[in-house]
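**Q**
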Amino acid sequence: MSALNQIYSECPAIQAGINDAFGFQMAQEALPQLEFVNSELNTRNIKQLVSPGGAKKRKVKLSFFPRLPESQAVEGAAVCGPFDPIGDNTAEYEITANPVTSGESFTPEDLAEYCSGNSSILNEKLALHLDVIDRAIATRLAEETFALVGGYSQDAKDYYVAPNPDGIITNLEVLEMPTRIASSQEQSGWLETLQQALMMTGYTGGVVGFGGAAINTAFRRALAGCCTNSGLNMQELLRLYGISFAYDKRVAAAFGGQNEAFSTVPGAIQLLSYQLAGWKDGFPPAAQMGSNYVRLSASTRAGVPVDIIFKDECPGNLQISVTADVQTIALPSNMFYEGDNFFGVNYINHFRAKNS
41 MSALNQIYSE CPAIQAGIND AFGFQMAQEA LPQLEFVNSE LNTRNIKQLV SPGGAKKRKV
101 KLSFFPRLPE SQAVEGAAVC GPFDPIGDNT AEYEITANPV TSGESFTPED LAEYCSGNSS
161 ILNEKLALHL DVIDRAIATR LAEETFALVG GYSQDAKDYY VAPNPDGIIT NLEVLEMPTR
221 IASSQEQSGW LETLQQALMM TGYTGGVVGF GGAAINTAFR RALAGCCTNS GLNMQELLRL
281 YGISFAYDKR VAAAFGGQNE AFSTVPGAIQ LLSYQLAGWK DGFPPAAQMG SNYVRLSAST
341 RAGVPVDIIF KDECPGNLQI SVTADVQTIA LPSNMFYEGD NFFGVNYINH FRAKNS
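Sequence positions in the sequence shown follow my numbering and run 41 to 396.
1) Which full runs of the beta strand (DSSP E) of 3+ residues lie inside the segment 103–157, going along the chain?
2) With a threshold of 16 other CB atoms inside 10 Å of the CB of Gly251, please say whether the residue is buried or exposed.
3) I believe Asn386 touches Tyr192 by the beta-carbon criterion, under 8 Å. Please report the beta-carbon distance rounded to the nearest angstrom.
4) Reducing DSSP to helix, strand and coil, say where Tyr199 ends up.
5) Three-state secondary structure (DSSP) at Val305?
6) Check this for me: beta carbons of Tyr133 and Ile309, under 7 Å apart or not?
7) Along the chain, where does the beta strand (DSSP E) that runs through Arg335 open and close?
8) Is it a yes or a no for the segment 124–133 touching the segment 141–159, going by three-plus beta-carbon pairs under 8 Å?
9) What is the rounded straight-line gap between the Cα of Met217 and the Cα of Leu81?
10) Confirm, please, whether the CB-CB distance from Gly379 to Pro109 is below 7 Å.
11) Do you know whose CA, among Ser159, Gly94, Ile255, Gly207, lies nearest Leu316's CA?
12) Pull up the distance between the alpha-carbon of Thr210 and that of Asn299, whole angstroms please.
13) Could you give the distance in angstroms between the alpha-carbon of Ala187 and the alpha-carbon of Tyr200?
14) Using 7 Å as the threshold, is the C-beta distance between Thr363 and Thr141 below it?
15) Please tell me whether Ala301 and Gly249 are closer than 7 Å, where the distance is taken between their beta carbons.
16) Keeping to the same chain, check which residues put their C-beta closer than 6 Å to that of Arg290; ignore five residues upstream and five downstream.
17) Considering Lys289, what are the terminal residues of the alpha helix (DSSP H) in which it resides?
18) Between which residues of its own chain and Phe105 is the CB-CB distance below 6 Å, once the five residues before and five after are set aside?
19) Please determine, among Gln68, Phe76, Gln112, the residue with the shortest C-alpha to C-alpha distance to Leu168.
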């Protein structure tokens, strides 16, 4: 009998990333509305006024004079009066705490047999938590936008009533338009109907829209190239077409289905945010140091400000958490006096494809 070993050693299990093994990148979900709201095109100064940094919060009170009703201009009125005083309207904005957090913990034993270096593991873990925060905030943004929807102008509501074949504005302030005559035949003119209703409602610049697949398909057929789902450059789309639209599954879900959508203008919707990082700024160095944690300020891929905390629970349990504290706001609901043609308008308008 041979003294030689006749058995080959089994190759140990090989750890490899999915990208290394398959050349496949994990999908980054499109978040069009969230990316737009956080973009330079849309962001306005109200965000800085409410949350100026350094973990400070402010209640901001806006004062403004709505435009006067035409009844204020009276024929034959005395030049020297008497006249009644006209006061201003106000609106208050502040952020209320409603944070969203994703986190996990791990021990030295969890990492001991993992092939990647610790810095690579940590970066990958953080990316996962930043991604899930993005998706959760995108869902909240869509839901809160639905709650903020305003109305159409009175003349638009007077015009788009049954039996207008172009479309009707319902009692719930939704513009319903036929986008197809039959399953295989396009309905011409629906985009003109939308633009006319929005023009009557006071939209004077570029229009931005988000919504479901049926509306997105209709836009693509009406305006080739008007629409995008990722790599957003809405400023360029507005320049080219005066209107841009993106499919957003979260907006479709929040508004009630794939036939639903909303329009807005840059600046009308703002995402307020609050971060705790920096709350010790200005304290003596000894007071700024945490005994077993580090808090950092960062932003997600879609531009959501977050707090990242690393917490070391001796003798060997590291926790990481990512937190976003945001709130959606819109233009004041009292921008126009009751009786004004634009009463109730805030430039967030719901519309849908209504096909029999």
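Cβ atoms here follow ideal geometry from the backbone N, Cα and C, with glycine treated the same way.
**A** With the structure as the only source:
1) 129–133, 140–146
2) For the purposes of this step, residue 251 is taken as residue 211 along the sequence shown, with counting starting at 1. Classification of Gly251: buried, given that the 10 Å Cβ count is 16 or more.
3) The residue you call residue 386 lines up with position 346 of the sequence shown. The residue you call residue 192 lines up with position 152 of the sequence shown. Rounded, the Cβ-Cβ distance is 11 Å, inconsistent with contact.
4) In the sequence shown, counting from the first residue as 1, residue 199 sits at position 159. Residue state, collapsed to three classes: helix.
5) Residue numbering aside, residue 305 sits at position 265 when the sequence shown is read from its first letter. Three-state result, Val305: coil.
6) Residue mapping note: residue 133 aligns to position 93 of the sequence shown, counting from 1. Residue mapping note: residue 309 aligns to position 269 of the sequence shown, counting from 1. Not in contact: Tyr133 and Ile309 (Cβ atoms no closer than 7 Å).
7) Mapped onto the sequence shown, residue 335 falls at position 295. Note, Arg335: beta strand (DSSP E), 333–339.
8) no
9) Residue 217 sits at position 177 when you count from the first residue of the sequence shown. Residue 81 sits at position 41 when you count from the first residue of the sequence shown. Using only the alpha carbons, I get a separation of about 29 Å.
10) Position 69 of the sequence shown holds residue 109. Position 339 of the sequence shown holds residue 379. Result yes, Cβ atoms of Pro109 and Gly379 sit closer than 7 Å.
11) As a working note, residue 316 is residue 276 in the sequence shown. Comparing Cα-Cα distances from Leu316 to each of Ser159, Gly94, Ile255, Gly207, the minimum goes to Gly94.
12) Taking the sequence shown and counting its residues from 1, the one referred to as residue 210 is at position 170. Taking the sequence shown and counting its residues from 1, the one referred to as residue 299 is at position 259. Between Thr210 and Asn299, the C-alpha separation is close to 15 Å.
13) Locating residue 187 in the sequence shown gives position 147, where the first residue counts as 1. Locating residue 200 in the sequence shown gives position 160, where the first residue counts as 1. If you take the alpha carbons of Ala187 and Tyr200, they lie about 23 Å apart.
14) Numbered from its first residue, the sequence shown carries residue 363 at position 323. Numbered from its first residue, the sequence shown carries residue 141 at position 101. It is a contact, given that the beta carbons lie within the stated cut-off.
15) For the purposes of this step, residue 301 is identified with residue 261 of the sequence shown, where counting begins at 1. For the purposes of this step, residue 249 is identified with residue 209 of the sequence shown, where counting begins at 1. Against a cut-off of 7 Å, the Cβ pair of Gly249 and Ala301 comes out as a contact.
16) Taking the first residue of the sequence shown as 1, we reach residue 290 at position 250. So the qualifying residues of the chain are Ala178, Thr179, Ala182.
17) Here the question's residue 289 lines up with position 249 in the sequence shown. Residues 289–295.
18) Against the sequence shown, residue 105 aligns to sequence position 65. The answer, listed in chain order, is Asp128.
19) Working through the sequence shown from its first residue, we reach residue 168 at position 128. The shortest C-alpha separation from Leu168 is found at Gln68.
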